[in-house]
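Q: Right, I'll just put the structure down here and ask away after.
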Amino acid sequence: MTLKKGKVKWFDKIAGYGFISPEDGGLDIYVHKAAIANIKDKSLIAGQDVEFSYRVSFHGPSAEDVIAF
Numbered sequence: 001m002t003l004k005k006g007k008v009k010w011f012d013k014i015a016g017y018g019f020i021s022p023e024d025g026g027l028d029i030y031v032h033k034a035a036i037a038n039i040k041d042k043s044l045i046a047g048q049d050v051e052f053s054y055r056v057s058f059h060g061p062s063a064e065d066v067i068a069f
């Protein structure tokens, strides 16, 4: 599995989801708090660097195995 790099575009801590802008361009990727692998409170901050894998469903791309820096 190849990890992609990106930055958190926005993340709503209360709702538990947000979007990542991939470093290589393309569509923003949905991220749910359950996909965050290395942060206890399962929250991200806008502008934060992340690595992630993703899958595409009929809803669009969703991040998995998100590692925040």
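Each residue of the sequence shown is one higher than the one before, starting from 1 at the first, in UniProt numbering.
Note that beta-carbon positions come from the ideal geometry of N, C-alpha and C, so glycine has one too.
(1) Helix, strand or coil for Ala35 per DSSP?
(2) Output the boundary residues of the beta strand (DSSP E) element that contains Gly16.
(3) Tell me the rounded alpha-carbon separation between Lys33 and Phe69.
(4) Is DSSP giving Ala46 helix, strand or coil here?
(5) From Gly47 to Pro22, what does the alpha carbon distance come to, in whole angstroms?
A: Let me spell this out:
(1) On the sequence shown, position 35 is the one that residue 35 refers to. Looking at Ala35 - three-state DSSP - the assignment turns out to be helix.
(2) Your numbering for residue 16 matches position 16 in the sequence shown. Neither: Gly16 is in no beta strand (DSSP E) and is coded neither H nor E.
(3) Translated into the one-based positions of the sequence shown, residue 33 becomes position 33. Translated into the one-based positions of the sequence shown, residue 69 becomes position 69. The alpha-carbon atoms of Lys33 and Phe69 are separated by roughly 15 Å.
(4) Stepping through the sequence shown from its first residue, residue 46 is reached at position 46. Coil.
(5) Counting from one through the sequence shown, the residue named residue 47 turns up at place 47. Counting from one through the sequence shown, the residue named residue 22 turns up at place 22. Near 12 Å, if we compare the C-alpha coordinates of Pro22 and Gly47.
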